[in-house]
Each structure stands twice: as structure tokens, then as C-alpha cells.
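Each remark here refers to the structure printed beneath this line.
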Amino acid sequence: MLYGINELKRLVSAINISKDKCYHPEDGKNICIVDDTDEVPLIRFTPFQKYDWMNMGFSTRLGGVSKGHLASLNLGFDRGDKRENVCENYRRACKAMNTNCQNLVFSDQVHDTQVLYADNSLAAGINLEKKLKGIDGLITDIPGLVLATSYADCVPLFFADPVKKAVGSSHSGWRGTVGFIGSKTVKKMESQFKSRPEDIVCVIGPSICQDCYEVSEDVIEEVKKAYPENTWNDIFYYKSGSGQDKKYQLDLWAANYHQLILAGLEKENIHVAGLCTCCSSMVLFSHRASGGKRGNLNGFIMIC
């Protein structure tokens, strides 16, 4: 069932990151803001609001024209929706972002860790075939280009370097997380823009929370290979079962937080939205909550 703007505002205002989480904000403040000044509401994040040189927004299910389990702002062309519906949804979302669809650069979520510098040649718009294949992360320093990445439980990582005036966006599911796509995005910004990790600000966006994310032993084995043992207690805990039937609860927010610390970001520059897509499936698309019957959310980030 799709709820309205008041439910979205209620869920956002109720965000409360536990003090025992490694990423608990020192000031205890919620970074999410619901911007409903347009017909398409966007979730915005206070760490980015102070920068007048950039614009960033995260879509919800609200404000579109799609029907049924895709209601209403489905931004996925591959979800079985009518193409004209998705195009109209993008037009509305771009209007809310104060841009137009021709400026969109789409990533191609394949749960890999490739990060690419986006220039004007990659702007595909909504009437052209997607130009990128196998790219889960994008960075740019070109004003006007809109980096667009899709989500429905996986972790959005949004980056801004206020010194070099550059931005990035990466899609990090569990495979991208153990593959350190966040760290690779930082390294790409270092090599492309001469960014310093200590200057980069990152928001870990709305995605599935630990309580909703049960995984099997094979996933945890990959996590153990990727992360130092002293981070494991923050990242996962055993839930039930034995042998190959063991079940764990995985905290992708914590895993990405530790990854970004290892990449050289300052603790105070890493911010977690704390909004779970699965818990909030009445206003956000969630693959787990819907059993796969869902549309796509989108994160948009650009230099003005």
C-alpha cells in the first residue's frame, strides 16, 4: 500500500540512530529533510545543504504516475512499467531537481565496483539507450551533469568534495560493500580531481537496515575476508541456525562507514541517513519488503 507525504514526514522525523552504533552522530541530529516544495517530494541531506555549488536529492514512491506495485514514482525502465510512465516520472523528478532529463548520466547497477568519470558525452537522457554498462559508481566535476543511480534496498553512497567542487555517487549492495566500491570511489576522486580524502563528505543514504537484512553464512564469509576482525561486531551478528543454515543480520551502513574510515575520510564527514527502505516500504521501494515486486528509487547529485 502506498501512503502519502504525511507518512513520509513522520518516518523521517522518527529517525533515531542508536547510540551503540559506530556511526551514531555526535550531535544526535537527523540529517534527512523532506522537501515537498514540488509535486515530487525529495529527501535531502543537511550535510549537503550548506553547499550552494551542488544539488542533491533522493526520490520516494510519491509524486508519479505509475500504478499498482510500481506506484507511483517508479524510475526503473526494467521493472515492467509503461515506458511513457517512467519518462513522465523522470520529467517530474528532474523538475524537482531544477534540471532537465537531457542532463542525466545513468549508472548501470550490476553489483560490481567499477567507478567512472562522467563527462558530457555520457549524458543519455531518457529517450536514448543507457550509455554505460557494468558501472556502479560515477564521479564528475562538470556543472549541469546529473549523476543518477537506482536503488531499492542497496546502499547509496553520495560524495562531495567542497574544495575541488566535485561529486560522486555509488551503488553499494553487499557485493559492492565487500568489494569496497566506496573506497574505490574515493580513490577515483583522488586520481581524477586530486581530492584529499579528509576533505570529502559522504552521505550513506536510505537503504535496508540491519534489523531487516538477514543473510547467510556465505555472505558473512565474504565480509570477514574484506573487513578487519575488529570491525565485525559493528557489522554483523549471529541470529540463528547451524552449519550452512546459519543466519546473520548484516549492517551495510556500518560496513560502509568502516570502509570510508579506512579510505581516509574523517569521522565527522561521514553521515548516515538512518532511513530504512524495508521498514518504510509504504513510501520507499524495497526489494525485500515487496518480494521483488517494486519500482526503483533514484539518487540524483549534480554540480549547479
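FYI, our numbering numbers position 88 of the sequence shown as 135, with every residue one higher than the one before it.
Glycine is no exception: its CB is placed at the ideal position from the N, C-alpha and C atoms.
With respect to threonine 146, valine 87 sits apart: the two C-beta atoms are not nearer than 8 angstroms.
About 7 angstroms separates the beta carbons of valine 162 and serine 217, which is inside the 8 angstroms limit, making them a contact pair. Between the C-alpha atoms of isoleucine 64 and histidine 71 there is a straight-line separation of about 6 angstroms. Its chain contains Val162 and Ile186 as the residues whose beta carbon lies nearer than 6 angstroms to that of lysine 235, once the 5 sequence neighbours on both sides are disregarded; these appear in chain order. Nearest Cα to tyrosine 304 within the set Thr278, Cys323 and Lys293: Thr278. With respect to phenylalanine 227, valine 214 sits apart: the two C-beta atoms are not nearer than 8 angstroms. Nearest in C-alpha terms to lysine 56, of all of Ile189, Leu331 and Asp298, is Leu331. About 15 angstroms separates the beta carbons of alanine 199 and leucine 49, which is beyond the 8 angstroms limit, so they are not a contact pair. In the structure shown, the three-state DSSP call for histidine 334 is helix. Histidine 218 sits in a strand when the DSSP states are folded into three classes. Counting C-beta pairs with one atom in each stretch, the segment 235-255 and the segment 311-325 have three or more that are closer than 8 angstroms, which means they touch.
Within its own chain, the residues whose Cβ lies closer than 6 angstroms to the Cβ of glutamate 313, once the five positions on either side in sequence are excluded, are Glu245, listed in chain order. A distance of 8 angstroms or more separates the beta carbons of aspartate 188 and serine 154. A Cβ-Cβ separation of about 5 angstroms places cysteine 148 in contact with glycine 172 under the 8 angstroms criterion.
Residues of the same chain with their beta carbon placed closer than 7 angstroms to that of glycine 339 are lacking, with the five preceding and five following residues left out of the count. Contact between glycine 123 and glycine 346 does not hold, since the beta-carbon distance rounds to 13 angstroms and is not under 8 angstroms.
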